[in-house]
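Report on one structure; see the data block that follows.
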């Protein structure tokens, strides 16, 4: 966290990476769930990359993916793995850190 | 290494682990193309076992492997096994091994619905395909249960994973932590049902012994005992019973003990090669010296000797041997003789035996000395079993073995009736005889299988020129040794002399008497001759007279007739 960074109301840039295994119904469902949540809570504040680990298996190791599907929140820190089909919205939001106090426990500059 | 070709060995393909002894116990290794479970408590060597399997596969059997670590990071793993001489990084660089650290941190994971472990499958599949792996290690996959909360999903996924490994024909080791009441915490043995190996690390009397047991091996015969195994700087080695059926080739070759007079006590003039010799006797009876002579003789024949000593260092033995004219250090220098000295308390009994086993495998000696075997302590049953294994192993390799024992009765323990002596082919017993204020050493051969041997007690003397056996005095006064023998011998000699003189004297007397009689005979004969001559003379004179008389009478007659 750089000092003098964005204040609490400033939107954080959410970098998300979703790992799915093929185009199974579960993968479809996961993508739909993610789009819905992002539209509702992160409109305009996120970037999303979807990786099919069947196509790019080498990326699974790099990002320590074990489960499928896995949503990886790269920023804001800390990095979080959100696994499952994202049907439990409250848990997804907790994993994304959206309803927690801004900046978590280590609020900058205070 | 499959010295014992069992009928099962051919039916089930096996992947050799390259771990000393383990491939013997399992008649060829782990089931090829199937997952095996290696379980045990913390610190019992699971990871090392698995790593050795993988490294040996890559280096010895040209089977690349994937190590999927759920606990240790790749660099930690490489550092840990570097102490065993495994160059994991080098193998990774050479494309022989892939190490993949799977990190599952519960605090970083949010579970939000249905999922499976396809990510893990893909990582494993990718790693396997990259190097064309034949072997896989999953070290400790149960860690997943700590990171992920949905045990039902995990179980079904693990079942799928093991099935997947089998479908791909991968020989896999799955390690598992020992759990309460079952082999692993999560009951993995239910899924991995082909082969289960249990490692154990027990502390008894403050001494740790590692043990290995094959709990199950579907479709194959296997040793069912607990085998001690050893982890040291040279890796893992398991000590198996190599010849449970006592079928080894025996040698008819006779080798000298290095002591001429001792050789003479055995019918063939020495000991059979490959026999086990027990030299027992209390302290200071010369056990080490006798074994030293045997070592010297073997080294002089150009054979390798390995000496395990528990009470002295190798240098000390060399120095002491010099006092009886043996120069053992030159054999140490030439590499024919190796001393392995260790305190008996350093390891547990089985550890000692496992270590010896490994040293013998490496050095391939012709003669092994264990001095003294009685220094090894342990529960008696265990002692007997493990020593039996030791003797078996030595015999199956045709190695002559010399065991010294402080116990004069040939037993193991203080109150034991299980005999070490019954395992031995030859038993040479040394005994001190204390009498008349002195102590002398005696030696006798109690048994020597398959050869006639002297049943007599010999006194043996140690001098700067070497060992010498002297016939002990055995006579009406009993068995005497030492000065008593010398005194007795002197007495005997004096008595002998007296006897000799006496008989000489008698002989002379007889001669004299005979001569006297002969003289008398001669005299008588002389007088007889005289008498005969006289008789002849007399007879002659009579005849003459008769003739003269007759002549005179005829004269007269003639004259008378002429006158008529």
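Protein chains in written order, with this note's numbering: chain X, 1 to 110; chain V, 1 to 564.
Beta carbons are placed, not taken as given, at the ideal position from N, Cα and C, and that holds for glycine.
The model shown is predicted, which means the values in this text are computed figures rather than measured ones.
Length of the line joining the Cα atoms of residue 555 (chain V) and residue 536 (chain V)
Approximately 29 Å between the Cα atoms of the pair.
Residues that DSSP places opposite residue 67 (chain V) in a beta bridge:
DSSP lists V:99, V:137 as partners of residue 67 (chain V).
Pull up the distance between the alpha-carbon of residue 76 (chain X) and that of residue 89 (chain X), whole angstroms please.
Computed Cα separation, rounded: 19 Å.
Would you mind sorting residue 384 (chain V) into buried or exposed? The rule is 16 or more other CB atoms within 10 Å of its CB.
Residue 384 (chain V) is classed as buried because its beta carbon has at least 16 other beta carbons within 10 Å across all chains shown.
Assuming residue 566 (chain V) and residue 137 (chain V) make a contact with CB atoms under 8 Å, what is their CB distance in whole Å?
In the structure as shown, chain V begins at 1 and stops at 564. Residue 566 (chain V) is therefore absent and cannot be evaluated.
Does residue 81 (chain X) have its Cβ less than 8 Å from a Cβ in chain V?
yes
Spatial neighbours of residue 200 (chain V) in its chain, beta-carbon cut-off 8 Å, leaving aside the 5 residues before and after
40, 41, 44, 210, 211, 212, 213, 226
So, at 6 Å on beta carbons, what are the nonlocal neighbours of residue 258 (chain V) in its own chain, with the 5 sequence-adjacent residues on each side left out?
Counting only Cβ-Cβ distances below 6 Å, and skipping sequence neighbours, we find 293, 294, 296, 297.
Under 7 Å by beta carbon: chain X residues contacting residue 117 (chain V)
66, 67
Touching or not, the stretch 184-204 of chain V and the stretch 318-328 of chain V, by the rule of three or more beta carbon pairs under 8 Å?
no
For residue 113 (chain V), return the contacting residues in chain X, with the cut-off set at a CB-CB distance below 7 Å.
84, 85, 86, 87, 88
Does the beta-carbon distance from residue 141 (chain V) to residue 174 (chain V) come in below 8 Å?
yes
Per DSSP, residue 427 (chain V) forms a beta bridge with which residues?
V:278, V:447
Residue 348 (chain V), buried or exposed, once every other Cβ within 10 Å from all chains shown has been counted against 16:
Sixteen is the threshold: when 16 or more other Cβ atoms of the shown chains lie within 10 Å of the Cβ of residue 348 (chain V), as they do, the residue is buried.
Chain X beta carbons: is any one of them nearer than 8 Å to that of residue 89 (chain V)?
no
What is the DSSP secondary structure of residue 366 (chain V), reduced to helix, strand or coil?
coil
With 16 as the cutoff for other CB atoms within 10 Å, does residue 106 (chain X) come out buried or exposed?
The predicted model places residue 106 (chain X) with a pLDDT of 44, which falls under 50 and marks its position as unreliable; any figure quoted below should be read in that light. Using a 10 angstroms sphere on the CB of residue 106 (chain X), the tally of other CB atoms stays under 16, which defines it as exposed.
Starting from the C-beta of residue 557 (chain V), find all residues in its chain whose C-beta is less than 6 Å away, skip the five residues before and the five after it, and write them out in chain order.
none
For chain X, check one thing: does any of its Cβ atoms lie closer than 8 Å to the Cβ of residue 123 (chain V)?
Any Cβ of chain X closer than 8 Å to the Cβ of residue 123 (chain V) would place that residue at the interface, and such an atom is present.
Same chain only: Cβ atoms within 8 Å of residue 82 (chain X), ignoring 5 sequence neighbours per side
70, 71, 72, 73, 91, 92, 95, 96
Counting C-beta neighbours from all protein chains within 10 Å, is the total for residue 357 (chain V) 16 or more, i.e. buried, or is it exposed?
buried
Would you say residue 137 (chain V) lies against chain X (beta-carbon separation less than 8 Å)?
no
Test: residue 102 (chain V) CB closer than 8 Å to a CB of chain X:
yes
Which stretch, first to last residue, makes up the beta strand (DSSP E) that contains residue 52 (chain X)?
46-52
Verify the CB distance criterion: does residue 21 (chain X) have a CB-CB separation below 8 Å to chain V?
Nearest CB-CB separation between residue 21 (chain X) and chain V: below the 8 Å threshold.
Between the stretch 168-184 of chain V and chain X, which residues of the former have a C-beta closer than 7 Å to a C-beta of the latter?
none
Is there a Cβ of chain V sitting closer than 8 Å to that of residue 111 (chain X), yes or no?
Residue 111 (chain X) is absent from the structure shown; chain X starts at 1 and stops at 110.
What three-state label does DSSP hand residue 272 (chain V) in the structure shown?
strand
Does chain X have any CB closer than 8 Å to the CB of residue 165 (chain V)?
Residue 165 (chain V) does not count as touching chain X.
Which residues bound the alpha helix (DSSP H) around residue 202 (chain V)?
From DSSP, residue 202 (chain V) is part of no alpha helix (DSSP H) but of the beta strand (DSSP E) over 195-204.
In terms of residue numbering, what span does the alpha helix (DSSP H) encompassing residue 466 (chain V) cover?
Not the alpha helix (DSSP H): residue 466 (chain V) falls in the beta strand (DSSP E), residues 466-471.
Who are the neighbours of residue 120 (chain V) on chain A, taking C-beta pairs under 9 Å?
The structure shown contains no chain A; its protein chains are X and V.
Please compile the residues from chain X whose C-beta is within a distance smaller than 8 Å of the C-beta of residue 108 (chain V).
From the beta-carbon of residue 108 (chain V), the residues of chain X found nearer than 8 Å are 78, 79, 80, 81.
Given residue 552 (chain V), which residues of its chain have a CB within under 6 Å of its CB, disregarding the five upstream and five downstream residues?
none
Thinking residue 160 (chain V) and residue 194 (chain V) are a contact (beta carbons under 8 Å), I'd like their distance in whole angstroms, please.
No, residue 160 (chain V) and residue 194 (chain V) are not in contact; Cβ-Cβ is about 16 Å, not under 8 Å.
Residue 390 (chain V) versus residue 306 (chain V) - alpha carbon distance
14 Å
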